[in-house]
């Protein structure tokens with residue numbers, strides 16, 4: 013069993029577990045997230061953050077660590093895809 017980066021003993025999430033928590037992902041994003049070797053907890057934290065339930069973490073809490081890196085992978089380019097505002 014693999015340990016997560018924090019050494020908490022949690023195993024590294026499989027690609028199937030990542031897809032289950034985050035939904036449909038393109039292959040590139042999935043592989044980039046898997047390369048971070050996230051725990052299931054970190055993937056779930058990112059999923060909660062992305063769903064807009066940030067109040068679960070506390071009002072002034074910011075996402076950190078691998079969970080924050082997962083969110084960065086998934087939101088990268090979102091601004092570029094929106095049409096320019098006038």
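Numbering (the working numbering), first residue to last: 13 to 98. C-beta atoms are modelled at their ideal positions from N, C-alpha and C, and glycine is treated no differently.
- The beta carbons of residue 82 and residue 47 sit no closer together than 8 Å.
- For a cut-off of 8 Å, the C-beta gap from residue 25 to residue 51 is around 6 Å, short enough to register as a contact.
- In the three-state scheme derived from DSSP, where H, G and I count as helix and E and B as strand, residue 51 is classed as strand.
- Excluding sequence positions up to five before and after residue 33, its CB lies within less than 6 Å of the CB of 55, 56 and 59, all in the same chain and listed in chain order.
- According to the DSSP assignment, residue 80 belongs to the alpha helix (DSSP H) that extends over 77-87.
- Comparing C-alpha distances from residue 35 to each of 63, 76 and 77 shows the shortest one belongs to 63.
- Here residue 49 is not near residue 42, since their CB atoms are 8 Å or more apart.
- In this structure residue 78 is buried. Its beta-carbon is surrounded by 16 or more other beta-carbon atoms within 10 angstroms.
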